[in-house]
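Undergrad: One gets the working numbering by counting positions in the sequence shown from 1 and adding 408 to each.
Yeah, the Cβ is synthetic: ideal placement off N, Cα and C, and Gly gets one too.
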Amino acid sequence: MADPTIHLLDEETISHIAAGEVVERPASVVKELVENAIDAGATRIRVLVKSDTAEIRRIIVIDDGRGMSPEDAPLAFRQHATSKIKTAGDLAEISTLGFRGEALASIAAVSEVTLTSRRREDVAGIKITLSGGMITDLSECAAPPGTMIEVRSLFFNTPARRKFLRTVSTELAHVFDLMERSALSHPEISFQLMHQEKEKFATPGRGDLLETIQSLFGGDLARTLITLSPLRGEMPVVGYVAYPLGSRTNRNQIYISVNGRQIASPSLVRAIRDGFGTSLAKGEYPFAVIDCLINPGDVDVNVHPTKREVKFSSERQVMDAVRTTVWSAVTEKAQEHLIHTPAVLKPLPILRDQVSDQPSLELPRPQVVSEGAATYGRSDRQLRVTEPAGTSLSPPDEGSHLPRLLGQVNGTYIIAISDEGELMIIDQHAAHEKIAFDLLQKREGDASASQQLLVPVMVPLSRKDAALVLDAIGDLRAAGFVIEEFGGDTFAVQAVPAGQAKLDNPGEIESLLLEVIEGIRGPASERRLRVFKTIACRAAIKGNTPLSQEQMERLVQQLFSAGPPYTCPHGRPAIVRFGSADLEFLFRRR
Ligand code: ADP
Ligand code: MG
Numbered sequence: 409m410a411d412p413t414i415h416l417l418d419e420e421t422i423s424h425i426a427a428g429e430v431v432e433r434p435a436s437v438v439k440e441l442v443e444n445a446i447d448a449g450a451t452r453i454r455v456l457v458k459s460d461t462a463e464i465r466r467i468i469v470i471d472d473g474r475g476m477s478p479e480d481a482p483l484a485f486r487q488h489a490t491s492k493i494k495t496a497g498d499l500a501e502i503s504t505l506g507f508r509g510e511a512l513a514s515i516a517a518v519s520e521v522t523l524t525s526r527r528r529e530d531v532a533g534i535k536i537t538l539s540g541g542m543i544t545d546l547s548e549c550a551a552p553p554g555t556m557i558e559v560r561s562l563f564f565n566t567p568a569r570r571k572f573l574r575t576v577s578t579e580l581a582h583v584f585d586l587m588e589r590s591a592l593s594h595p596e597i598s599f600q601l602m603h604q605e606k607e608k609f610a611t612p613g614r615g616d617l618l619e620t621i622q623s624l625f626g627g628d629l630a631r632t633l634i635t636l637s638p639l640r641g642e643m644p645v646v647g648y649v650a651y652p653l654g655s656r657t658n659r660n661q662i663y664i665s666v667n668g669r670q671i672a673s674p675s676l677v678r679a680i681r682d683g684f685g686t687s688l689a690k691g692e693y694p695f696a697v698i699d700c701l702i703n704p705g706d707v708d709v710n711v712h713p714t715k716r717e718v719k720f721s722s723e724r725q726v727m728d729a730v731r732t733t734v735w736s737a738v739t740e741k742a743q744e745h746l747i748h749t750p751a752v753l754k755p756l757p758i759l760r761d762q763v764s765d766q767p768s769l770e771l772p773r774p775q776v777v778s779e780g781a782a783t784y785g786r787s788d789r790q791l792r793v794t795e796p797a798g799t800s801l802s803p804p805d806e807g808s809h810l811p812r813l814l815g816q817v818n819g820t821y822i823i824a825i826s827d828e829g830e831l832m833i834i835d836q837h838a839a840h841e842k843i844a845f846d847l848l849q850k851r852e853g854d855a856s857a858s859q860q861l862l863v864p865v866m867v868p869l870s871r872k873d874a875a876l877v878l879d880a881i882g883d884l885r886a887a888g889f890v891i892e893e894f895g896g897d898t899f900a901v902q903a904v905p906a907g908q909a910k911l912d913n914p915g916e917i918e919s920l921l922l923e924v925i926e927g928i929r930g931p932a933s934e935r936r937l938r939v940f941k942t943i944a945c946r947a948a949i950k951g952n953t954p955l956s957q958e959q960m961e962r963l964v965q966q967l968f969s970a971g972p973p974y975t976c977p978h979g980r981p982a983i984v985r986f987g988s989a990d991l992e993f994l995f996r997r998r
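1) Would you say Lys492 touches the ligand ADP, meaning its beta carbon is less than 8 Å from a heavy atom?
2) Suppose you measure from the CA of Ser655 to the CA of Glu916; what does that come to, to the nearest Å?
3) Closer than 7 Å by C-beta to Gly798: which residues in its own chain qualify, once you throw out the five before and the five after it? Chain order, please.
4) Quick check on the DSSP output: what are the complete alpha helix (DSSP H) runs of length 4 or more inside the segment 412 to 448, in order along the chain?
5) Quick check on the burial criterion: 16 or more other C-beta atoms within 10 angstroms. Buried or exposed for Asp765?
6) I want to check one thing, is the minimum distance from the CB of Leu505 to the heavy atoms of the ligand MG below 8 Å?
7) Could you tell me whether the segment 637 to 647 touches the segment 683 to 691, using the rule of 3 or more Cβ pairs below 8 Å?
8) Are Ile557 and Leu546 touching if we call contact CB-CB under 9 Å?
9) Which partner residues does Val523 have in the DSSP bridge list?
10) Consult DSSP for Val752 and reduce its assignment to one of helix, strand or coil.
11) Applying the criterion that 16 or more other CB atoms from any shown protein chain within 10 Å of the CB defines a buried residue, is Gln670 buried or exposed?
12) Helix, strand or coil: which one does DSSP assign to Ile470?
13) Looking at the strands, I want to know which residues DSSP matches up with Gln670.
14) For my contact list, Ile649 and Ala696 are in at a C-beta cut-off of 8 Å; report their separation, rounded to the angstrom.
15) Taking only runs that begin and end inside the segment 561 to 635, name each unbroken beta strand (DSSP E) of 3 or more residues, in chain order.
16) Report the residue from Asn565, Thr635, Leu416, Ala581 whose alpha carbon sits nearest the alpha carbon of Glu510.
17) One question on the structure: do Val707 and Val677 come within less than 9 Å of each other, judged by their Cβ atoms?
18) Could you tell me if Phe625 is buried or exposed, where buried requires 16 or more neighbouring beta carbons within 10 angstroms of its beta carbon?
19) Is Asp447 close to the ligand MG? I mean its beta-carbon at under 8 Å from any heavy atom of the ligand.
20) Can you have a look at Val531 and say buried or exposed, based on whether 16 or more other CB atoms are within 10 angstroms of its CB?
21) Measuring only from the beta carbon, is Gly509 closer than 8 Å to any heavy atom that is part of the ligand ADP?
22) Are the CB atoms of Leu967 and Ile843 nearer to each other than 9 Å?
23) What do you get for Ile996, buried or exposed, if any count of 16 or more other CB atoms within 10 angstroms of its CB means buried?
24) Looking at Asp628 and the ligand ADP, is the gap between the Cβ and the nearest heavy atom below 8 Å?
25) Let me make sure I understand the geometry here. Which of Ile464, Leu499, Lys941 has the alpha-carbon closest to that of Val924?
26) For Asp628, which of Lys606, Asp616, Tyr651 has the nearest alpha-carbon?
27) Taking Ala610 as the reference, give the member of Leu848, Ile834, Val817, Leu601 with the closest Cα.
28) Give every residue of the same chain whose Cβ lies closer than 6 Å to the Cβ of Leu580, excluding the five residues on either side of it in the sequence, and list them in chain order.
29) What's the C-alpha gap between Gly668 and Glu918?
30) Could you give the DSSP three-state label for Ser800: helix, strand or coil?
31) Could you have a look at Val718 and say whether DSSP puts it in helix, strand or coil?
32) For Thr490, which beta-bridge partners are listed by DSSP?
33) Do the segment 825 to 835 and the segment 981 to 995 make contact, defined as three or more Cβ pairs closer than 8 Å?
34) What residues in its chain sit with their C-beta under 6 Å from that of Leu991, if we drop five residues either side in the sequence?
35) Pop quiz: Phe889 and Val904 are said to be a contact at Cβ under 8 Å. What is the actual Cβ separation, rounded to whole angstroms?
36) If Val901 and Val867 are in contact, beta carbons under 8 Å, what's the gap, nearest whole angstrom?
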């Protein structure tokens, strides 16, 4: 930077700046402070977070960057005070992460801040304390070169915004996620994250992305990575991708940057997935860390108040570059191993073999040609377990009001005639899901609702996923899980909800936990129901599963045992009925 002194932007420039709230939550404070440290040329950035059971109390960011002069430091807290741009024209080609001069002012306005800073060339440093945006203390002090900012009592004077904060573990998960994203977009900087007195991670900062990924996620993942190489004639895209890890299906493990700026971009997520072609199953997301090296003039970073999104002058071109770069790396890797079937390329869930002494594991069954007992075996187990105690397997009594079954269509729908003579089509998945959901609700918090596992299943999670599971742990226990923190972001699952047959293998348990935490966003009051819905949905028989006559009867019997239910917990219909009037209408008899 030619002239690193801070000045106030003029009205004309201010009017071109995308306005909006910068500080939404603790993670946004960390984001802005880390961005400032990066812009200050830091080679080491340390972030210390302290929380208690109620909230995140303190955020400290320490860098070894260029520091501020005693004259500049107080100015930095003024609105629209920046050293990074001068005129509206500069907005067209921004090479720093910050440029609006708003972050420090916005943070200081809603918290208590202490800043200590010294430039390498100055003898003394400066220390400033602010409360609610007003300077309460300013003095010379001894300090190492660089800047340290401490933020306390966030939102102490804005109760409305405080109300929007989620639980401590959710807020921490956002901070961890943000820090991972920062570290991945700047492998040349050494990042250290401390929570309480414990180190959550530290990256080496030697400019090697692979090494950075390894220090964040471990060597097992690093060994499965596929290197992206820029393609001739396309915008350069660099980074690594990997097939979905184990049974992970969430998109939280896609890290996208544009010129070292971390961004959220659903269209680039799609482009990455598309690059894997047909080798990803529906709903599966790969692991990916990519950086798009684009001419700064071709990307507008001034479109979102928190700079989370950017606008490309040609989004199509960027998407094409990402898709083809991923595609060519993935195909090359496949050829290298002479493996062409995607199923073989995909790693199995990591812990699957730990319980291989259980004979009834859900390993994929070989195709069975005859429709014998083997074809139905698996669904049988799933159905049996949602059966209310005391239900006999014999056909329903004479005179009961159960529908008469006619058969199954497409392995998905059961066709029946109700005792009132209506034609009924039952969606077997929706029906079974409804049964499982009702069962979970009925037994809520009942200790006998758990089914002990032979061997406890260890589920290692990422930092942020672990924090989110902690958030939902009460709901998981209410559903019948016996689950404990095992340390190091690993959870030990000792028991699962009784009657959810599929949940006896580690892969399923892990995917269920991940699905549960994907679904816990939204109002806390509805969270338990959402957790139950997720469990019920996974436990239920899927479509495209042939059922024997007896299995269909049992399903229908369970479905009607608590009165006729017409929708599944997600609100999809479980049953559609055609009475004689409907049929007459359909056949234009009336
Ligand atoms: P912006 O980053 O958009 O310029 P900020 O409010 O985040 O606005 O920061 C205001 C100014 O304070 C920056 O332009 C920079 O000159 C100075 N500054 C902030 N943080 C640091 C830091 N960690 N090291 C050196 N200078 C900093
Ligand atoms: Mg800034």
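TA: This is what the structure holds:
1) As a working note, residue 492 is residue 84 in the sequence shown. Yes.
2) Within the sequence shown, the letter at position 247 stands for residue 655. Within the sequence shown, the letter at position 508 stands for residue 916. Low confidence applies here, because Ser655 scores a pLDDT of 49, under 50, leaving its location unreliable and the question unanswered by this model.
3) Walking along the sequence shown from the start, residue 798 turns up at place 390. Residue placement at Gly798 is flagged as unreliable, the pLDDT there being 42, under the threshold of 50; the coordinate-derived value follows with that caveat. Result list for Gly798: empty, nothing under 7 Å.
4) List check, alpha helix (DSSP H) in window: 419 to 422, 434 to 447.
5) Here the question's residue 765 lines up with position 357 in the sequence shown. For Asp765, the pLDDT reaches just 30, beneath the cut-off of 50, and the residue's location in the model is therefore unreliable, although a value from the coordinates is still provided. Taking all protein chains shown into account, Asp765 has fewer than 16 neighbouring C-beta atoms within 10 Å of its C-beta and is therefore exposed.
6) If you number the sequence shown from 1, residue 505 lands on position 97. Because some heavy atom of the ligand MG lies under 8 Å away, the Cβ of Leu505 counts as near it: yes.
7) Judged by Cβ distances under 8 Å, the segment 637 to 647 makes no contact with the segment 683 to 691, as fewer than three pairs qualify.
8) Taking the sequence shown and counting its residues from 1, one reaches residue 557 at position 149. Taking the sequence shown and counting its residues from 1, one reaches residue 546 at position 138. No, they are not a contact pair.
9) Here residue 523 refers to the residue found at position 115 when the sequence shown is read from its first residue. The sequence shown places Leu at residue 523, not Val. Beta-bridge pairing links Leu523 to Ile536, Ile557.
10) Mapped onto the sequence shown, residue 752 falls at position 344. Annotation note: pLDDT 30 at Val752 (below 50); position unreliable, coordinate value reported separately. DSSP places Val752 in helix when its eight states are reduced to three.
11) Translated into positions along the sequence shown, residue 670 becomes position 262. When all chains shown are included, Gln670 counts as buried.
12) For the purposes of this step, residue 470 is taken as residue 62 along the sequence shown, with counting starting at 1. Here Ile470 sits in strand by DSSP.
13) Within the sequence shown, residue 670 is the residue found at index 262, counting from 1. DSSP lists Ser665 as partners of Gln670.
14) Here residue 649 refers to the residue found at position 241 when the sequence shown is read from its first residue. Here residue 696 refers to the residue found at position 288 when the sequence shown is read from its first residue. Strictly speaking, residue 649 in this sequence is Val, with Ile absent from that position. Correct: roughly 4 Å between the Cβ atoms.
15) For the segment 561 to 635, whole beta strand (DSSP E) runs of length 3 or above, ordered along the chain, are 598 to 603, 606 to 610.
16) Here residue 510 corresponds to residue number 102 of the sequence shown, with the count starting at 1. Of Asn565, Thr635, Leu416, Ala581, the residue nearest in Cα terms is Leu416.
17) Locating residue 707 in the sequence shown gives position 299, where the first residue counts as 1. Locating residue 677 in the sequence shown gives position 269, where the first residue counts as 1. Contact flag unset, no.
18) Within the sequence shown, the letter at position 217 stands for residue 625. By the 10 Å Cβ count, Phe625 comes out buried.
19) Here the question's residue 447 lines up with position 39 in the sequence shown. It does: the Cβ of Asp447 is within 8 Å (strictly closer) of some heavy atom of the ligand MG.
20) Residue numbering aside, residue 531 sits at position 123 when the sequence shown is read from its first letter. Burial state of Val531 is exposed, judged by a 10 Å Cβ sphere holding fewer than 16 other Cβ atoms.
21) If you number the sequence shown from 1, residue 509 lands on position 101. Yes; taking the cut-off as 8 Å, the Cβ of Gly509 has a heavy atom of the ligand ADP nearer than that.
22) For the purposes of this step, residue 967 is identified with residue 559 of the sequence shown, where counting begins at 1. For the purposes of this step, residue 843 is identified with residue 435 of the sequence shown, where counting begins at 1. It is a contact, given that the beta carbons lie within the stated cut-off.
23) In the sequence shown, counting from the first residue as 1, residue 996 sits at position 588. Contrary to the premise, residue 996 reads as Arg rather than Ile in this sequence. Exposed, by the Cβ-count rule.
24) For the purposes of this step, residue 628 is taken as residue 220 along the sequence shown, with counting starting at 1. Relative to the ligand ADP, even the nearest heavy atom lies 8 Å or more away from the CB of Asp628.
25) In the sequence shown, residue 924 corresponds to position 516, counting from 1. Out of Ile464, Leu499, Lys941, Lys941 has the C-alpha closest to the C-alpha of Val924.
26) Along the sequence shown, one-based indexing puts residue 628 at 220. Here the closest residue by C-alpha is Tyr651.
27) As a first step, residue 610 is located in the sequence shown; it is residue number 202 there, counting from the start. Proximity to Ala610 across Leu848, Ile834, Val817, Leu601 peaks at Leu601, based on C-alpha coordinates.
28) Residue numbering aside, residue 580 sits at position 172 when the sequence shown is read from its first letter. Closer than 6 Å at the Cβ level, and outside the excluded window around Leu580, lie Ala875.
29) Residue mapping note: residue 668 aligns to position 260 of the sequence shown, counting from 1. Residue mapping note: residue 918 aligns to position 510 of the sequence shown, counting from 1. The C-alpha of Gly668 lies about 32 Å from the C-alpha of Glu918.
30) Here residue 800 is taken as the residue at index 392 of the sequence shown, counted from 1. Residue confidence is low: Ser800 scores 40 on pLDDT, short of 50, so the model does not pin down where it sits. No coordinate-derived value is stated.
31) The sequence position of residue 718 within the sequence shown is 310, counting from 1. Looking at Val718 - three-state DSSP - the assignment turns out to be coil, as it is neither helix nor strand.
32) Here residue 490 corresponds to residue number 82 of the sequence shown, with the count starting at 1. The partner list for Thr490 (beta bridge, DSSP) reads His415.
33) The segment 825 to 835 vs the segment 981 to 995: in contact.
34) Translated into positions along the sequence shown, residue 991 becomes position 583. Taking C-beta separations shorter than 6 Å and ignoring five residues to either side along the sequence, Leu991 has no partners in its chain.
35) As a position in the sequence shown, residue 889 is number 481, starting the count at 1. As a position in the sequence shown, residue 904 is number 496, starting the count at 1. Going by Cβ atoms, the distance from Phe889 to Val904 rounds to 6 Å, so yes, they are a contact pair.
36) Taking the first residue of the sequence shown as 1, we reach residue 901 at position 493. Taking the first residue of the sequence shown as 1, we reach residue 867 at position 459. Here Val901 really is in contact with Val867; their C-beta atoms are around 6 Å apart, less than 8 Å.
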